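Peer 1:
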Amino acid sequence: MSWASLEDIFLSTSLASYLDKKLLVLLRDGRKLLGILRSFDQFANAVLEGACERVIVGDLYCDIPLGLYVIRGENVVLIGELDLEREELPPHMTRVSAADIRRVSCTVRRFPFFGKIAILEKLSI
Amino acid sequence: MLFFSYFKDLVGREVTVELKNDLAIRGTLHSVDQYLNIKLENTRVVDQDKYPHMLSVRNCFIRGSVVRYVQLPPDGVDIDLLHDATRREARGG
Numbered sequence: 001m002s003w004a005s006l007e008d009i010f011l012s013t014s015l016a017s018y019l020d021k022k023l024l025v026l027l028r029d030g031r032k033l034l035g036i037l038r039s040f041d042q043f044a045n046a047v048l049e050g051a052c053e054r055v056i057v058g059d060l061y062c063d064i065p066l067g068l069y070v071i072r073g074e075n076v077v078l079i080g081e082l083d084l085e086r087e088e089l090p091p092h093m094t095r096v097s098a099a100d101i102r103r104v105s106c107t108v109r110r111f112p113f114f115g116k117i118a119i120l121e122k123l124s125i
Numbered sequence: 126m127l128f129f130s131y132f133k134d135l136v137g138r139e140v141t142v143e144l145k146n147d148l149a150i151r152g153t154l155h156s157v158d159q160y161l162n163i164k165l166e167n168t169r170v171v172d173q174d175k176y177p178h179m180l181s182v183r184n185c186f187i188r189g190s191v192v193r194y195v196q197l198p199p200d201g202v203d204i205d206l207l208h209d210a211t212r213r214e215a216r217g218g
């Protein structure tokens, strides 16, 4: 792999400017991964260190730790740089445990037409 | 190569990229490459409430293969120039 020139780093669409930054990676299956970019290539294959999956169901979310991940580029939709000065999520969202988010997402899948409040009441969250 | 050259000329303009997963992102075109991967700056998601995870994302890299549309400002297109370039490219190809 050849070294990028300074101009390449600032003007090109290379992921080099995202190295060692905490990123949000959206995948084609709808998953949201967060982690620090440690490596990439021309196919947008990526290595994320300290990766976690952010599962969001309605106003609830949970970060599930995954560790070191290699992502095949064909699954990548978007790689976003997280602005550390801003909140990553709207303030009305509540963090829950992995077990709770699994329960909620199963219920939402089984009863897609239930109102959000009805589901939360049913699960006593 | 034609669209790559065309997008290079649009660098610095405000565009809205609509992805195949229906996510639409507005931002300033920072750069484009031969695969039509796009880097946007100063991004805002069109339907922010539907995509809470995108709240703090201000710059992003979008893989070319997932783009459905790139919406341009109406004055962003010199139709005649594009038309000529297309005819030239078609003749050469």
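From first to last, the protein sequence lines stand for chains A and B.
Going by the working numbering, the first residue of the first sequence is number 1, and it counts up by one from there.
Going by the working numbering, the first residue of the second sequence is number 126, and it counts up by one from there.
All C-beta atoms, glycine included, are put in the ideal place defined by N, C-alpha and C.
Computed from a prediction, not measured in an experiment: that's the story for all the values here.
At the 8 Å Cβ level, is residue 13/A part of the contact set with chain B, yes or no?
Peer 2: For residue 13/A, the answer is yes, since a Cβ of chain B falls inside 8 Å of its Cβ.
Peer 1: Less than 8 Å between the CB atoms is what I'm expecting for residue 144/B and residue 191/B, so what's the real figure, rounded?
Peer 2: Contact flag correct, Cβ pair sits at about 5 Å.
Peer 1: Quick check: the Cα distance between residue 79/A and residue 185/B, rounded to an integer number of angstroms?
Peer 2: Roughly 5 Å separates the two Cα atoms.
Peer 1: For chain B, find out if any of its Cβ atoms is closer than 8 Å to the Cβ of residue 88/A; answer yes or no.
Peer 2: Yes, its Cβ sits closer than 8 Å to a Cβ of chain B.
Peer 1: Does residue 60/A pass the burial test, meaning 16 or more other C-beta atoms within 10 Å, or should it be called exposed?
Peer 2: The residue in question, residue 60/A, is buried, as its Cβ has 16 or more Cβ neighbours within 10 Å.
Peer 1: If you run the structure through DSSP and keep just helix, strand and coil, what is residue 92/A?
Peer 2: Looking at residue 92/A - three-state DSSP - the assignment turns out to be coil, as it is neither helix nor strand.
Peer 1: Note down, in chain order, every chain A residue with its Cβ under 8 Å from the Cβ of residue 179/B.
Peer 2: What residue 179/B touches in chain A: 24 and 80.
Peer 1: So, using beta-carbon positions, are residue 182/B and residue 168/B closer together than 8 Å?
Peer 2: Contact: yes.
Peer 1: Under 8 Å: do the region 36-45 of chain A and the region 68-86 of chain A share three or more Cβ pairs, one atom per stretch?
Peer 2: Short answer: they touch.
Peer 1: With 16 as the cutoff for other CB atoms within 10 Å, does residue 32/A come out buried or exposed?
Peer 2: With 16 or more Cβ atoms within 10 Å of its Cβ, residue 32/A is classed as buried.
Peer 1: Residue 108/A and residue 57/A look like a contact to me (Cβ under 8 Å); what is the Cβ gap, rounded to whole Å?
Peer 2: About 6 Å separates the two Cβ atoms, so the contact holds.
Peer 1: Note down the Cα distance separating residue 93/A from residue 55/A, rounded to an integer number of angstroms.
Peer 2: Each residue's Cα considered, the two are about 12 Å apart.
Peer 1: Roughly how many whole angstroms lie between the Cα atoms of residue 154/B and residue 216/B?
Peer 2: Each residue's alpha carbon lies about 30 Å from the other.
Peer 1: Contact check, residue 148/B vs residue 176/B under 8 Å by CB: the rounded distance?
Peer 2: At roughly 6 Å, the Cβ-Cβ gap stays under 8 Å, so residue 148/B and residue 176/B are in contact.
Peer 1: Straight-line CA distance for residue 133/B to residue 146/B?
Peer 2: Taking the straight line from one Cα to the other gives about 25 Å.
Peer 1: Is there a Cβ of chain B sitting closer than 8 Å to that of residue 44/A, yes or no?
Peer 2: It does: the Cβ of residue 44/A has a partner Cβ on chain B nearer than 8 Å.
Peer 1: With a 10 Å radius around its C-beta and 16 neighbouring C-beta atoms as the bar for buried, classify residue 86/A as buried or exposed.
Peer 2: Its Cβ having fewer than 16 others within 10 Å, residue 86/A is exposed.
Peer 1: Evaluate residue 188/B with the Cβ neighbour count: other Cβ atoms within 10 Å of its Cβ, from every protein chain shown; 16 or more gives buried, anything less gives exposed.
Peer 2: Buried, by the Cβ-count rule.
Peer 1: What residue range is occupied by the uninterrupted beta strand (DSSP E) comprising residue 39/A?
Peer 2: Run containing residue 39/A: 32-40, per the beta strand (DSSP E) assignment.
Peer 1: Under 8 Å, Cβ to Cβ, is there at least one residue of chain A near residue 130/B?
Peer 2: No, residue 130/B does not count as interfacial toward chain A.
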